[in-house]
Amino acid sequence: MKIRYVGDSCCEFPEDFKKEHDCVNIPLTIMVGDDVIIDDASFDQADFLKKVAAYPKCPKSSCPSPEQYMKSFEGDVDMVFVTTLSGELSGSYNSAVLAKQLYEEDHPDENKKIHIFNSYSASCGEMQGLMKAAYYAEQGLPFEEIVEKTEKFIYDDLKTYFVLESLETLRKNGRLSTMKALAATALNIKPVCIGNHGVIEQVAVARGMKKALDKMVSHSLEQVESTEDRILFVSHCNCKQRAEEVAALYIAKARFKETRFIDMAGISSLYAGDGGIIVTF
Numbered sequence: 040m041k042i043r044y045v046g047d048s049c050c051e052f053p054e055d056f057k058k059e060h061d062c063v064n065i066p067l068t069i070m071v072g073d074d075v076i077i078d079d080a081s082f083d084q085a086d087f088l089k090k091v092a093a094y095p096k097c098p099k100s101s102c103p104s105p106e107q108y109m110k111s112f113e114g115d116v117d118m119v120f121v122t123t124l125s126g127e128l129s130g131s132y133n134s135a136v137l138a139k140q141l142y143e144e145d146h147p148d149e150n151k152k153i154h155i156f157n158s159y160s161a162s163c164g165e166m167q168g169l170m171k172a173a174y175y176a177e178q179g180l181p182f183e184e185i186v187e188k189t190e191k192f193i194y195d196d197l198k199t200y201f202v203l204e205s206l207e208t209l210r211k212n213g214r215l216s217t218m219k220a221l222a223a224t225a226l227n228i229k230p231v232c233i234g235n236h237g238v239i240e241q242v243a244v245a246r247g248m249k250k251a252l253d254k255m256v257s258h259s260l261e262q263v264e265s266t267e268d269r270i271l272f273v274s275h276c277n278c279k280q281r282a283e284e285v286a287a288l289y290i291a292k293a294r295f296k297e298t299r300f301i302d303m304a305g306i307s308s309l310y311a312g313d314g315g316i317i318v319t320f
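Just so we're aligned, residue 40 is where the sequence shown starts under the working numbering, counting upward by one.
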């Protein structure tokens, strides 16, 4: 069976996964003033963060077109598994779903099987779903069972937490009122947030990044009975040392099957901001 794994550009594929599997990234587009940035292999995180910091307004982003997704379905493959940003936060999921519908209408004689996963997450949360699908595929499970088990994992089991260094991106995108954002910034208050079936919720606050990360670790581990069969993913925006320190906090309190790190690409960097941390397991 030939299988392809497709993710929008908020899904950052680890290098070893790309070497072992047929992987395709579909880029989103970011607009910072007059600068149009394609979130692909050419993305320069350091330059991007400088542009965002200097731009007084809210940067914009646009999701891939159905045609971009349709192109990724082409070729000699039997199954295509696609993951996208949370459908509750982006149009990427709906674009991929429409692409599947249009592709199947245009290719009625093909036996190719395609499934679109709503990650209900972002960044490493998207990758968690594809890695789970790959795990089930490697066990030789049929397409329908791979889909069923992976969907259950994404919706029922996967945990997504994050802490941001700055609230400015949230403010610029209308996630917080100006007064709340300014007050929190002045007091060095950091929110601990969770992705609850794709919807962002605040579960705690702390003064300072270190205390916020400590709270995130404690709170997230309280929500699960066991972590031994889970992969700990830590995505970071320009803060590798912080990501390693967060992983160490988790490993000191729980045992994981594996620990992985991801340096964020464009869309993840835009919304997490410089110094942002996303954790999934």
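Ideal placement from N, C-alpha and C gives every residue a C-beta, glycine not left out.
Treat the numbers as computed from the prediction; the structure is a model and nothing was measured.
A buried status is given to Ile-306, since no fewer than 16 other beta-carbon atoms sit within 10 Å of its beta-carbon. Leaving aside the five residues that flank Val-202 on each side, the residues in its chain whose CB is nearer than 8 Å to its CB run, in chain order, Lys-229, Pro-230, Val-231, Cys-232, Met-248, Ala-251, Leu-252, Met-255, Gly-315, Ile-316. The region 130-138 makes contact with the region 102-114: 3 or more CB pairs, one atom from each, lie closer than 8 Å. Using a Cβ-Cβ distance cut-off of 8 Å, the region 120-134 and the region 160-174 are in contact, since at least three pairs of beta carbons, one from each stretch, lie closer than that value. Here Pro-66 is buried. Its C-beta has 16 or more other C-beta atoms within 10 Å. In this structure the region 172-192 does not touch the region 140-150; the number of beta carbon pairs closer than 8 Å is below three.
The three-state reading of DSSP puts Pro-230 in strand, counting E and B together. Across the set Ala-282, Lys-279, Asn-277, Tyr-289, the C-alpha of Tyr-289 shows the shortest separation from the C-alpha of Glu-267. Close CB contacts of Val-63 within its chain, under the 7 Å cut and outside five residues either way in sequence, are with Arg-43, Val-45, Ser-111 (chain order). Of all alpha-carbon atoms in Thr-298, Arg-299, Lys-279, Glu-297, the one lying nearest the alpha-carbon of Asp-313 is that of Lys-279. The criterion of a C-beta distance shorter than 8 Å is satisfied by Gly-168 and Ile-193. Per DSSP, reduced to three states, the secondary structure at Gln-241 is strand. Straight-line measurement puts the Cα of Ser-131 at about 23 Å from the Cα of Asp-73.
When DSSP assignments are scanned along the region 47-118, the uninterrupted stretches of beta strand (DSSP E) that are 3 or more residues long and fall wholly within it turn out to be 61-65, 68-71, 74-77, 99-101.
Within the region 121-202, the runs of alpha helix (DSSP H) at least 4 residues long that lie entirely inside it are, in chain order, 131-145, 163-177, 182-191. If you ignore the 5 residues before and after Ser-101, its C-beta comes within less than 7 Å of the C-beta of Leu-67, Thr-68, all in its own chain and listed in chain order.
In the structure shown, Ser-274 adopts extended strand secondary structure according to DSSP, grouped into three states.
Taking a C-beta distance under 8 Å as the contact criterion, Lys-292 and Ile-270 do not qualify as a contact pair.
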